[in-house]
C-alpha cells in the first residue's frame, strides 16, 4: 500500500516502526496512531524504556545473557548447578528453557549459529568464551540446545570439535515427536529419528 | 507464558511494548531484543520519532485529521472540492480513502463512532464541528463512510438527524459484495442488502 501520510512526523514514526521484524506499514500505522492517542507520559515512558535498556543493558560476564548486573541472576545463584552448561542461541532461548522448570544448571548464550549464508562465522559467536569456561575445569557436562537445523547441527559439530580435548560430557537435547502430536502429521525425518533414538519404556508416560 | 526476565530493564521495555494492540509478550520480547541488537543511534531515532510525533503533532483545524500544520495538506489544497465532505472514523480511514484515488473532496475525522458499550457518546466525537462546517453554508454533500456495524449505523443516523435542518445532500458509501468475492461465501445480510440496492447495469463491468 503506497500511503500518502498527512503528516511527515507520522510518516517518520511509522517508518521507524516498520523496521521492526514482522511489522508492516499498515500495522506500524495502527501502532503509532494508538500511541498518539495515549497521554504524553505514556509515550515518553514507552520511548524511555527502550533508550534506557539500550544504554544500560549489560551482558553477564559468565553466560553472556542480558543482565542488569555484571553477573546475571542465574549465574549468581549458588543453588544452580554450575557444573552443567546449557548452550543456547539467544536470550529468548534462555527464557524458554527456564520456563520448562526442568533445568537447574547454567547457560551459555552463543549469539546465533554458524551460518555462511547469513555471513555468521564461528568467530562471530561466543564460542571462545565457552571453551574458556570448560577449560577452567569445573564443568562436567555441556548440553547443546540449538535449533534443529543444518546451521544448528553445524554449530553443534564445531563445538564438539572444540571441546573434544577436554574431559567434559557433551549431550544434545532430544529430538522427536512433539508431545500432543499425531504420528500421521509428523515429518518423516523427525519420525525416523525418533525411532532410531527410541528409549526404554518402563510402563510410565514420559 | 510466565517468563522470568533476566533483566528488569528488558522486562520494563517488553511490558511497554505489550501494551500496544495485538502485541503479546512473546512478540514484544522479540521486538525489544531486535532493537537491542541495533546501534544506539537507531534506537534513539526510533524512540525520538515517537516522542516528537506526540509532542508536535497537530490536528487540522478544518477536518481534525493529523497534520504538521494548522490546516492539513488536503484541506489547504485549492484543487480539492471543498463542497463535499467525507465523514470517517479516524486518520487511517482518511488514508484508506485517499489510496483509492477516487475522491477529490475533503474529510471530517469523527474520532470514533457512537458506542455506549465502550462509553463513547456523541459528545466524545467531532460531530459539533461537522455541523458547524455544514452550517457555514458552502457544503453541498456529506458522504458518510463509517464502519458497516451497529455503531456505525447509529452514528450515521445521529448525524442524519443533526444535519436534517440544513440544505445538504447526505449519502452513505455503497455496501455489497466485495470485488473478487464469490457469492457463496458472502454473508446473507450483505448479499441481501446488495440485492435490495442493485444498480442499473449498462453492460460494463463496474
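Residue numbers (this note's numbering), protein chains in the order written: chain V, 990 to 1195; chain E, 990 to 1195.
From the three backbone atoms N, C-alpha and C, an ideal C-beta is built for every residue, glycine too.
* To do: Quick one: using the 10 Å Cβ neighbour count with 16 as the cut-off for buried, is residue 1122/V buried or exposed?
  => As a working note, residue 1122/V is residue 133 in the first chain. Within 10 angstroms of the beta-carbon of residue 1122/V lie 16 or more other beta-carbons, which makes it buried.
* When Cβ atoms are compared, which residues of the stretch 1057 to 1089 of chain E fall closer than 8 angstroms to chain V? -> Going along the stretch 1057 to 1089 of chain E in chain order, one finds 1057, 1061, 1062, 1063, 1079, 1080, 1081, 1083, 1084, 1087 and 1088 with a Cβ nearer than 8 angstroms to chain V.
* **residue 1067/V classed as buried or exposed, judged by whether at least 16 other C-beta atoms fall within 10 angstroms** => Your numbering for residue 1067/V matches position 78 in the first chain. It counts as exposed.
* **Cross-strand partners of residue 1094/V (DSSP beta bridge)** => Taking the first chain and counting its residues from 1, one reaches residue 1094/V at position 105. When beta bridges are read from the DSSP output, residue 1094/V appears opposite 1070/V.
* To do: Please state whether DSSP places residue 1128/E in a helix, a strand or coil.
  => Here residue 1128/E refers to the residue found at position 139 of the second chain. Per DSSP, reduced to three states, the secondary structure at residue 1128/E is coil, with no helix or strand assignment.
* Asked: Under a Cβ-count criterion, where at least 16 other Cβ atoms within 10 Å of its own Cβ denotes burial, should residue 1184/V be classed as buried or exposed?
  -> For the purposes of this step, residue 1184/V is taken as the residue at position 195 of the first chain. Label assigned to residue 1184/V: exposed.
* Name the one or two DSSP bridge partners that residue 955/V has. => No answer is possible for residue 955/V: the residues shown for chain V start at 990 and end at 1195.
* Check residue 1003/E in the structure and name its three-state DSSP category. => Translated into positions along the second chain, residue 1003/E becomes position 14. Helix, per DSSP.
* Is there at least one Cβ from chain E nearer than 8 angstroms to residue 1281/V's Cβ? -> Because chain V is modelled from 990 through 1195, residue 1281/V falls outside the range shown and cannot be assessed.
* Asked: So the alpha helix (DSSP H) residue 1062/V belongs to, where does it begin and stop?
  -> By 1-based counting over the first chain, the position of residue 1062/V is 73. For residue 1062/V, the enclosing alpha helix (DSSP H) begins and ends at 1062 to 1065.
* To do: Go ahead and label residue 1174/E buried or exposed: buried means 16 or more other beta carbons lie within 10 angstroms of its beta carbon, across all protein chains shown.
  => Taking the first residue of the second chain as position 1, residue 1174/E is located at position 185. Classification of residue 1174/E: exposed, given that the 10 Å Cβ count is below 16.
* Asked: What's the call for residue 1078/E, buried or exposed, on a 16-neighbour Cβ count within 10 Å?
  -> Along the second chain, one-based indexing puts residue 1078/E at 89. Within a 10 Å sphere around the beta-carbon of residue 1078/E sit 16 or more other beta-carbons, which makes this residue buried.
* **is_contact[residue 1135/E, chain V] using C-beta, thresh 8 angstroms** => As a working note, residue 1135/E is residue 146 in the second chain. Cβ-Cβ to chain V under 8 angstroms: no for residue 1135/E.
* Asked: Considering only C-alpha positions, which residue in the set 1000/V, 1103/V, 1022/V and 1165/V is nearest to residue 1188/V?
  -> In the first chain, counting from the first residue as 1, residue 1188/V sits at position 199. Cα-wise, what sits closest to residue 1188/V is 1165/V.
* Asked: Between the C-alpha atoms of residue 1167/E and residue 1048/V, what's the straight-line distance to the nearest angstrom?
  -> For the purposes of this step, residue 1167/E is identified with residue 178 of the second chain, where counting begins at 1. For the purposes of this step, residue 1048/V is identified with residue 59 of the first chain, where counting begins at 1. The alpha-carbon atoms of residue 1167/E and residue 1048/V are separated by roughly 53 angstroms.
* Between residue 990/E and chain V, is there a C-beta pair that is closer than 8 angstroms? -> Here residue 990/E is taken as the residue at index 1 of the second chain, counted from 1. Confidence in residue 990/E is poor, its pLDDT being 41 and thus under 50, which makes the residue's placement too unreliable to answer from.
* What are the residues that DSSP puts in a beta bridge with residue 1148/V? -> By one-based count along the first chain, residue 1148/V stands at place 159. Looking at the DSSP assignment, residue 1148/V forms no beta bridge with any residue, so it has no partner.
* To do: Can you pull the chain V residues whose beta carbon is under 8 angstroms from the beta carbon of residue 1034/E, in chain order?
  => Residue numbering aside, residue 1034/E sits at position 45 when the second chain is read from its first letter. Within chain V, the residues near residue 1034/E are 1005.
* How should residue 1137/V be labelled, buried or exposed, when 16 other C-beta atoms within 10 angstroms of its C-beta is the threshold for buried? -> Here residue 1137/V refers to the residue found at position 148 of the first chain. Exposed: under 16 other Cβ atoms inside 10 Å.
* For chain V, is any of its Cβ atoms less than 8 angstroms away from the one on residue 1017/E? -> Here the question's residue 1017/E lines up with position 28 in the second chain. Closer than 8 angstroms: no.
* To do: Give the residues of chain V in contact with residue 1183/E, contact being defined as C-beta atoms less than 9 angstroms apart.
  => Taking the second chain and counting its residues from 1, the one referred to as residue 1183/E is at position 194. Within chain V, no residue comes near residue 1183/E; the closest Cβ sits about 26 angstroms away, beyond 9 angstroms.
* Asked: Quick one: Cα of residue 999/E to Cα of residue 1069/E, how far?
  -> Translated into positions along the second chain, residue 999/E becomes position 10. Translated into positions along the second chain, residue 1069/E becomes position 80. Rounded to whole angstroms, the separation of the alpha carbons of residue 1069/E and residue 999/E is 48 angstroms.
* To do: Measure the alpha-carbon distance for residue 1053/V versus residue 1064/V and round it to whole angstroms.
  => In the first chain, the residue the question calls residue 1053/V occupies position 64. In the first chain, the residue the question calls residue 1064/V occupies position 75. Residue 1053/V and residue 1064/V: Cα-Cα distance of roughly 10 angstroms.
* Asked: Does residue 1054/V come within less than 8 angstroms of chain E when only Cβ atoms are used?
  -> Here the question's residue 1054/V lines up with position 65 in the first chain. Yes, contact with chain E.
* In terms of residue numbering, what span does the alpha helix (DSSP H) encompassing residue 955/E cover? -> Examination of residue 955/E is not possible in this model, given that chain E is present from 990 through 1195 alone.
* Which same chain residues, not among the five before or five after residue 1144/V, have their C-beta less than 6 angstroms away from its C-beta? -> One-based indexing of the first chain puts residue 1144/V at position 155. Closer than 6 angstroms at Cβ, skipping near neighbours: 1102, 1103 and 1135.
* Determine the chain V residues that contact residue 1021/E at a beta-carbon separation under 9 angstroms, and present them in chain order. => The residue you call residue 1021/E lines up with position 32 of the second chain. Simply 1038, 1039 and 1042.
* To do: Closer than 7 angstroms by beta-carbon distance: list the chain V residues that pair up with residue 1051/E, in chain order.
  => Residue mapping note: residue 1051/E aligns to position 62 of the second chain, counting from 1. None at all; the shortest Cβ gap to chain V is about 12 angstroms.
* **Straight-line gap, residue 1083/E to residue 1004/V (C-alpha atoms, nearest Å)** => Here the question's residue 1083/E lines up with position 94 in the second chain. Here the question's residue 1004/V lines up with position 15 in the first chain. When rounded, the distance between both Cα atoms is 18 angstroms.
* Can the beta-carbon of residue 1025/E be found less than 8 angstroms from the beta-carbon of residue 1129/V? -> Within the second chain, residue 1025/E is the residue found at index 36, counting from 1. Within the first chain, residue 1129/V is the residue found at index 140, counting from 1. Contact check for residue 1025/E against residue 1129/V fails: the beta carbons are separated by 8 angstroms or more.
* To do: State the DSSP-derived secondary structure class of residue 1203/E, mapped to helix, strand or coil.
  => In this structure chain E extends from 990 to 1195, so residue 1203/E is not present and cannot be described.
* Asked: Whose C-alpha, out of 1099/E, 1050/E, 1061/E and 1172/E, is nearest the C-alpha of residue 1147/E?
  -> Counted from its first residue, the second chain places residue 1147/E at position 158. Closest by alpha carbon: 1099/E.
* To do: Check the Cβ-Cβ distances between residue 1114/E and every residue of chain V, and say whether any is below 8 angstroms.
  => Mapped onto the second chain, residue 1114/E falls at position 125. Not an interface residue.
* Among all the DSSP beta bridges, which residues are the ones paired with residue 1052/E? -> Reading the second chain from its first residue, position 63 is the one you call residue 1052/E. DSSP lists no partner for residue 1052/E.
* To do: Can you say whether residue 1074/V is buried or exposed, counting buried as having 16 or more other CB atoms within 10 angstroms of its CB?
  => Here residue 1074/V refers to the residue found at position 85 of the first chain. Residue burial annotation: residue 1074/V is buried, with at least 16 other C-beta atoms found within 10 angstroms of its C-beta.
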